[in-house]
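Colleague: I am attaching a structure below and will ask some questions about it afterwards.
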Amino acid sequence: MQAIAVPVETLPSHIDGVSAAQIDAFGRDMDALRRRVVADLGERDARYLRDVVALQARAEVAGRVLLWLPLLPPMWIGGVALLSLAKILENMEIGHNVMHGQYDFLNDPAFDGATYEWDNTCPARQWRHSHNLVHHAWTNVVGRDRDVGYGALRVTEEQRWHPRYLAQPLIAVGLALLFQWGVALHDVEIDRVARGEKPVRRALADLSEVWAKARTQLLKDYVLFPALSGPLFPLTLLGNAAANLARNVWSFAVIFCGHFPDGVRTFTEEQVRDETRAQWYVRQLLGSADFQGSPLLHLLSGNLSHQIEHHLFPDLPAHRYAEIAVEVRAACARHDLPYNTGSFGWQLATVARKIVRFAFPSSARPALATA
Amino acid sequence: MFTVSPVVEASLRRVLASRVVTALASPRPVDHYLGALHPLWRVDEVRATVLGLRSETADMVTVALAPNAAWRGFQAGQHVQLGVAVDGVRRIRCYSPTNAPRDGDRRVDLTVKRHPGGVVSGFVHERLRAGAVVTLSQAAGDFVLPAIPPPHVLLVSGGSGITPVMSMLRTLLDGGHAGRVDLVHFARRRADVPFARELAQRAAEHAAFHLHVVLTGEPGASLTGRCEPALLDAAVPAWRDAEAWVCGPPGLIAAVQAARGDARCRRALHVERFVLPPAPAGAPGGVVEFAASGRRVASDGRTLLVQAEAAGLAPASGCRIGICQTCRCRKLRGTVRDVVTGALSTEPDVPIRACVSVPVGDVAVAL
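Line by line, the protein sequences give chains A and B.
Start counting the first sequence at 1; every next residue gets the next number (this note's numbering).
Start counting the second sequence at 1001; every next residue gets the next number (this note's numbering).
Laid out in structure tokens, this is it:
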């Protein structure tokens, strides 16, 4: 692991351990940074989005054509690679970021955050609720942010241990393979229905919306495109399944590296009551982790490799996070705040270790009660 | 762009718009893929290439456009929404085509007057070049000629209000209209009159077309002054019996309406207004209109979300600090200030976040 100003674990356990002066100074810097970026938005962002969409759409068309008549093995492999690339780009660098409203300023109805629909079994409307609101406003607040363990995994000591967590390494592997289905069912909140916190009627309405979306996805990838291939339909069907699988595993890995590596903090509802904007910034900083890599890795991750910057500025175009990160790191160094980053492999390894470690009861300290 | 026969083009568009192709592309629209292959290829969206620009006066330029096959054509006098990307940001403005629509020819000419400080008109005059791609809405508006034009057509225009009227005039004269046509155009100076040479030439060629240019800023001109019955009497003695089409500033329209009303004209008077966006007010106050629910309230200076809730509406909202976008809605007109960044939004028909937007003057939002 490289270049961390202060290991997060050395901070006092409450966010108040970071001094009010540090929080205010960091908040002022972030507000100023945001204003500078917003003032600079324009043609460059429009061109970037256009280029990524052109790459994604061409990769998808080429991939679909190769998988239509995969007469030779390299054609099938190439088709799967291109379709995987297209689905990854569409879900992450385009869909996720557009649905955050990052490109709303372009006033282009095709990339309007409130109406964009992505190539995923999860309906965009439910994603905007579970992700943009529940996760981004309540980032890492145990009991409120449903992305803390996704209602299935124990990733912090502040979640009470239960014997069912013994199976979580297996559950995590299953979630990676079927990630888009996990995302699709996320906002149905089956665990909250089981606890009686969400009416069954509302969950059923959400579920039928998921089914309406998932049905069109299944129809496209597993019926219509294979049907066009005639006798080669099994190859097309397998190729489409392989591309969906590749996208699932990749997006699982990227997203788990955003909030679960070592050193990422979680918070209690008590800590975020009457939170100021500056305190919100500091929580985003402490609750997220970056990973480093090549420009290609950043593109394929939808720039969620810059998870800290994404959480500080979720509605700024993600292709600018690399530049923004330089200033965020400098601000962290100035104000003696930690900045959690490392190589992709290292961050992923600490996530894996954490999933295994928290499958078992914590030894020394008693678990903190959650509200 | 290469040309294909209209029949091939039409069947290709039918296939691309079919349910099967839509299902194959879903959940993205087919245009997502077509647009990535060629900037003009769209099933639904009208996009047009700029063929060229021609200067009409010192502050008016005509942009010749070739729309794609999604364009359904226009009638003389209608208007379209032109969309251009200025520094990446799509801006929409309304213009009336000035050419005569022709069967089998999709060409559209828009004549754009430059406004001081105008973002779109400034862009069109300074930066738009042949080969650029713009967006168009389908044509709309009922300021049009009837299928069989009346025996005497009176066209009255002021300033850039000549644009829809020019299309009507060209349509009438090119179509061999047998009746009489009068055009009374108001301009400040002779140099401000667009299409001046063409108008003079057509007046010389067509015995039934009579051109009357009123110069309000040149006292020595043969016709000068305001649009009053005496002036109309001098220019078009039979103006009371003509069916009239008027487009121009509010004062001109009101004057024609008053003159026609006093004269108890029985022939129809058709009116087209170009409403300019109001200038942003300097202070809070003003009226907030929640257009979707038909409520209007006096602004108390708080955010639009809070004011909507205070007015008894229940708009969707989430974090209420400008992060989650749940409260995003369209601002139809007026100016709002973003309380986080201090930025002013003056554009009509753009998305805003109600939770961090406070009105500056009169505002209408789709809530």
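Even for Gly, the Cβ is constructed at its ideal location relative to N, Cα and C.
Just to confirm before moving on: does the CB-CB distance between Val1043 of chain B and Val1156 of chain B stay below 7 Å?
Modeller: No, the Cβ-Cβ distance between Val1043 of chain B and Val1156 of chain B is not below 7 Å.
Colleague: Suppose the cutoff is 8 Å on Cβ atoms and the five residues either side in sequence are ignored; what does the same chain contact list for Trp1071 of chain B look like?
Modeller: The residues are Val1046, Ala1048, Arg1106, Val1108, Leu1136, Gln1138.
Colleague: Do three or more CB pairs link the region 1263-1277 of chain B to the region 1236-1247 of chain B at distances below 8 Å?
Modeller: The region 1263-1277 of chain B vs the region 1236-1247 of chain B: in contact.
Colleague: So which residues of chain B does Asp262 of chain A contact, with C-beta pairs closer than 9 Å?
Modeller: Within chain B, no residue comes near Asp262 of chain A; the closest Cβ sits about 27 Å away, beyond 9 Å.
Colleague: Leaving out five residues before and five after Ala1203 of chain B in sequence, what residues of the same chain have Cβ atoms less than 8 Å from its Cβ?
Modeller: Taken in chain order, the residues that qualify are Phe1209, His1210, Leu1211.
Colleague: By the 8 Å beta-carbon criterion, what residues does the region 126-154 of chain A contribute toward chain B?
Modeller: If the cut-off is 8 Å between Cβ atoms, the region 126-154 of chain A has Arg128, His129, Asn132, Leu133, His136, Ala137 near chain B.
Colleague: Counting only beta-carbon atoms, is Leu224 of chain A nearer than 7 Å to chain B?
Modeller: Yes, its Cβ sits closer than 7 Å to a Cβ of chain B.
Colleague: Suppose the cutoff is 7 Å on Cβ atoms and the five residues either side in sequence are ignored; what does the same chain contact list for Val1144 of chain B look like?
Modeller: Closer than 7 Å at the Cβ level, and outside the excluded window around Val1144 of chain B, lie Gln1075, Ala1076, Gly1077, Gln1078.
Colleague: Out of B:Val1008, B:Phe1274, B:Asp1233, which has the shortest C-alpha to C-alpha gap to Arg1260 of chain B?
Modeller: Among B:Val1008, B:Phe1274, B:Asp1233, the Cα nearest to that of Arg1260 of chain B belongs to B:Asp1233.
Colleague: Do you know offhand how far Ala1279 of chain B's Cα is from Ala1343 of chain B's?
Modeller: Its pLDDT being 36, under 50, Ala1279 of chain B is placed unreliably in this model, and the value from its coordinates should be taken loosely. About 16 Å.
Colleague: Please report the straight-line C-alpha distance between Pro1150 of chain B and Ile1253 of chain B, rounded to a whole angstrom.
Modeller: One C-alpha to the other measures close to 21 Å.
Colleague: What residues of chain A sit near Asp1087 of chain B, judged by a beta carbon separation below 7 Å?
Modeller: Chain A residues near Asp1087 of chain B: Gly42, Glu43.
Colleague: How about Arg265 of chain A and Leu286 of chain A: do their beta carbons lie closer than 7 Å?
Modeller: Cβ distance < 7 Å, so Arg265 of chain A and Leu286 of chain A count as in contact.
Colleague: Taking Cβ positions only, does Gly113 of chain A come closer than 7 Å to chain B?
Modeller: Closer than 7 Å to some Cβ of chain B, the Cβ of Gly113 of chain A qualifies, so yes.
Colleague: Are the beta-carbon atoms of Phe26 of chain A and Ala330 of chain A separated by less than 7 Å?
Modeller: No.
Colleague: Going along the chain, which residues of the region 315-345 of chain A sit with their C-beta nearer than 9 Å to a C-beta in chain B?
Modeller: If the cut-off is 9 Å between Cβ atoms, the region 315-345 of chain A has Asp315 near chain B.
Colleague: When you compare each of A:Val53, A:Asp108, A:Leu89 to Pro1351 of chain B by their alpha carbons, which one comes out closest?
Modeller: When only C-alpha atoms are compared, the closest one is A:Asp108.
Colleague: State the CB to CB distance for the pair Pro1348 of chain B and Leu1332 of chain B, rounded to an integer number of angstroms; the pair is presumed to be in contact (CB under 8 Å).
Modeller: That belief holds up - the Cβ atoms of Pro1348 of chain B and Leu1332 of chain B are roughly 7 Å apart, short of 8 Å.
Colleague: Identify the continuous alpha helix (DSSP H) that holds Gly1052 of chain B and give its terminal residues.
Modeller: From DSSP, Gly1052 of chain B is part of no alpha helix (DSSP H) but of the beta strand (DSSP E) over 1046-1057.
Colleague: Look at the alpha carbon of Gly1282 of chain B and the alpha carbon of Phe260 of chain A, and state the distance between them as a whole number of angstroms.
Modeller: Because Gly1282 of chain B carries a pLDDT of 42, less than 50, the predicted location of this residue cannot be relied on, and the following value inherits that uncertainty. If I take the Cα positions, the gap works out to 49 Å.
Colleague: Return helix, strand or coil for Cys1327 of chain B, following the three-state DSSP convention.
Modeller: Looking at Cys1327 of chain B - three-state DSSP - the assignment turns out to be coil, as it is neither helix nor strand.
Colleague: What are the boundary residues of the beta strand (DSSP E) that includes Cys1094 of chain B?
Modeller: From DSSP, the beta strand (DSSP E) with Cys1094 of chain B extends over 1089-1095.
Colleague: I'd like to know if Thr1341 of chain B contacts chain A, where contact means its C-beta is closer than 7 Å to some C-beta of that chain.
Modeller: It does; some Cβ of chain A falls within 7 Å.
Colleague: Which word fits Glu93 of chain A, buried or exposed, when buried means at least 16 other C-beta atoms lie within 10 angstroms of its C-beta?
Modeller: With 16 or more Cβ atoms within 10 Å of its Cβ, Glu93 of chain A is classed as buried.
Colleague: Is it the case that the region 312-326 of chain A contacts the region 70-83 of chain A, given that we only count it when at least three CB pairs across the two stretches are under 8 Å?
Modeller: No, the region 70-83 of chain A does not touch the region 312-326 of chain A.
Colleague: Along chain B, in chain order, which residues have C-beta atoms closer than 7 Å to that of Phe105 of chain A?
Modeller: The answer, in chain order, is Val1089.
Colleague: Out of A:Glu117, A:Leu204, A:Leu228, state which residue places its alpha-carbon closest to the alpha-carbon of Lys213 of chain A.
Modeller: When each option's Cα is compared against that of Lys213 of chain A, the closest is A:Glu117.
Colleague: What are the complete alpha helix (DSSP H) segments, minimum 4 residues, inside the region 266-306 of chain A?
Modeller: Qualifying alpha helix (DSSP H) stretches, in chain order: 269-272, 277-286, 295-300.
Colleague: Please determine if the region 1047-1065 of chain B and the region 1110-1125 of chain B are in contact, where contact requires at least 3 C-beta pairs separated by less than 8 Å.
Modeller: Because the criterion of three Cβ pairs below 8 Å is met, the region 1047-1065 of chain B and the region 1110-1125 of chain B touch.
Colleague: Within the same chain, show all residues whose beta-carbon is closer than 8 Å to that of Leu228 of chain A, passing over the 5 residues directly before and after it, in chain order.
Modeller: Cβ neighbours of Leu228 of chain A beyond the five flanking positions: Trp68, Thr236.
Colleague: Using a Cβ-Cβ cutoff of 8 Å, what residues of the region 1018-1036 of chain B are near chain A? List them in chain order.
Modeller: The residues in question are Val1020, Ala1023, Leu1024, Ser1026, Pro1027, Arg1028, Pro1029, Asp1031, His1032, Tyr1033, Gly1035, Ala1036.
Colleague: Check whether the Cβ of Gly1122 of chain B lies closer than 7 Å to any Cβ atom in chain A.
Modeller: Chain A, which has no Cβ nearer than 7 Å to the Cβ of Gly1122 of chain B, makes this no.
Colleague: Take every Cβ of the region 350-364 of chain A, pair it with every Cβ of the region 155-165 of chain A, and state whether three or more of those distances are shorter than 8 Å.
Modeller: The region 350-364 of chain A, when compared against the region 155-165 of chain A, does touch it at the 8 Å Cβ threshold.
Colleague: Does Leu29 of chain A have its Cβ less than 7 Å from a Cβ in chain B?
Modeller: Residue identity check: residue 29 of chain A is Asp in the sequence provided, not Leu. By this cut-off, Asp29 of chain A is not an interface position.
Colleague: Identify the contact partners of Cys1265 of chain B in chain A, using a Cβ-Cβ distance below 7 Å as the criterion.
Modeller: Simply none; closest approach about 44 Å.
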